[in-house]
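Residue numbers (the numbering used here): 2 to 86.
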């Protein structure tokens, strides 16, 4: 077994490292799969930026990457969210 394989616990998490969107700077967060997640905080703390601009955009980009090259040529190119991993 190679060291590059993730453990089952790590595979059940969505990991974002170095997120920098709007007023968020260098945020590291691990979110569990198949769980209800609520982002709470004061107004202007970056909840929407994290949930929509980063998580949704990255999920959509990865989903489209799973399409064949032929199919992707007809779709609009999506920008990768500003995160290190």
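For glycine and all other residues, C-beta sits at the position ideal for the given N, C-alpha and C.
Residue(s) in a DSSP beta bridge with residue i
i          : result
residue 20 : 28
residue 15 : 32
Between the CA atoms of residue j and residue i - distance to the nearest angstrom
i          : j          : result
residue 15 : residue 21 : 17 Å
residue 54 : residue 72 : 24 Å
residue 33 : residue 75 : 33 Å
residue 29 : residue 52 : 14 Å
residue 77 : residue 58 : 13 Å
Beta-carbon proximity of residue i to residue j, cut-off 7 Å
i          : j          : result
residue 19 : residue 31 : no
residue 50 : residue 23 : yes
residue 17 : residue 47 : no
Residue range of the alpha helix (DSSP H) that includes residue i
i          : result
residue 58 : 58 to 66
residue 72 : 70 to 73
*Count the C-beta pairs between the region 30 to 48 and the region 64 to 77 that are closer than 8 Å, then say yes if the count reaches three, no if not.*
no
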